[in-house]
Amino acid sequence: MKPTTTPSSAEPVNAQDAPAPATQDAHPVPVLPSADLLRGQKAVAIDHNGSLYRLQTTRQGKLILTK
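Residue 54 in the working numbering sits at position 65 of the sequence shown, and the numbers go up by one each step.
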């Protein structure tokens, strides 16, 4: 079987041809503000399927989830 090749001068992908972002899905994902999860604390514990995770905020305002 002969392998196929892609031409090197392929046309750029048009944004209109790209799939819609996940946020426009038929079943949108609920959005929870981090303030609702942290409730004024720097870190909270999350029990998920019997495993304990820690969600914490950094000094730079980013979130870290660790097991």
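No residue lacks a Cβ here, since even glycine has one placed at the ideal position from N, Cα and C.
{"query": "Alpha carbon of Gln49 to alpha carbon of Lys31, nearest angstrom", "result": "12 Å"}
{"query": "Where the beta strand (DSSP E) containing Leu26 begins and where it ends", "result": "Taken as a continuous stretch (DSSP letters only), Leu26 belongs to no beta strand (DSSP E), being part of the alpha helix (DSSP H) at 23 to 27."}
{"query": "Pair within 7 Å by beta-carbon distance, Val33 and Leu41", "result": "no"}
{"query": "Thr15 - DSSP class collapsed to helix/strand/coil", "result": "The question names Thr, but residue 15 in the sequence shown is Ala. In the structure shown, Ala15 sits in coil (DSSP, three-state: anything other than H, G, I, E or B)."}
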